[in-house]
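In the numbering used here, the protein residues as written are 41 to 230.
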């Protein structure tokens, strides 16, 4: 079920996003500047798209008996701020000013605990397949919006999960086209 919010009074919510409230978040440290954007990918089960399993997972409602792969997710509590589906549909799970649980054990530019100072965006996908044009366009639009709200997030402070947790993670993977993404973002900025 969707959570209805008054977006005009919530600067921490994206105007174009469907908001589905995740219980998996908390407050950021009071001295944390939001200055990093982390791009991830997810599909549940792996390499399968179109179902609502990711949404259920981030909202803590995934029925782990539905697929053998889900058994390993039984006690996992994670979230992302934003999720972009293959068709470009935009879903927000955590207000931008709160700490989503997306990065895990991580480090960027010598600073650990990336969840404290980052915004996490998940793309529906996997490391073995290309992302869609609709996803790149939506991601560029969302990134431009986030950069307006949090100007410390420069292009140099946009990274992949694999860059902040290289031993543990490999997403968004080799099929994520960084050049194309930044070109789309440049078009949004002009």
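Ideal Cβ positions, reconstructed from N, Cα and C, are used throughout, including at glycine.
All values reported here derive from a predicted model rather than from experimental measurement.
Taking 9 Å as the cut-off, the beta carbon of residue 125 is found no closer than this to the beta carbon of residue 183.
For residue 169, the CB contacts under 8 Å within the same chain, skipping 5 residues up- and downstream, are 87 and 215 in chain order.
With a cutoff of 9 Å on beta-carbon distance, residue 127 and residue 61 are scored as not near each other. Apart from sequence neighbours up to five positions away, the residues of its chain that approach residue 93 with a beta-carbon distance below 7 Å are 84 and 102, ordered along the chain. Judged by DSSP secondary structure, residue 176 falls within the alpha helix (DSSP H) whose first and last residues are 173-189.
The segment 99-114 makes no contact with the segment 151-163: fewer than 3 CB pairs, one atom from each, lie closer than 8 Å. Counting only runs of 3+ residues, the beta strand (DSSP E) found wholly inside the segment 75-133 occupies 76-82, 122-124 and 130-132, in chain order. When DSSP reads this structure, residue 199 sits in a beta bridge with 78.
By alpha-carbon distance to residue 57, the top candidate from 106, 181, 220 and 80 is 181. Judged by DSSP in its simplified three-state form, residue 215 adopts coil rather than helix or strand. Measuring C-alpha to C-alpha distances from residue 131 to each of 95, 222, 80 and 79 identifies 95 as the nearest. Annotated three-state conformation of residue 226 is helix, per DSSP. Ranking 75, 212, 164 and 54 by CA distance to the CA of residue 98 puts 164 first.
Just so you know, the alpha carbons of residue 117 and residue 141 end up roughly 8 Å apart. Looking only at 105, 211, 75 and 66, the smallest Cα-Cα distance to residue 166 is reached by 211.
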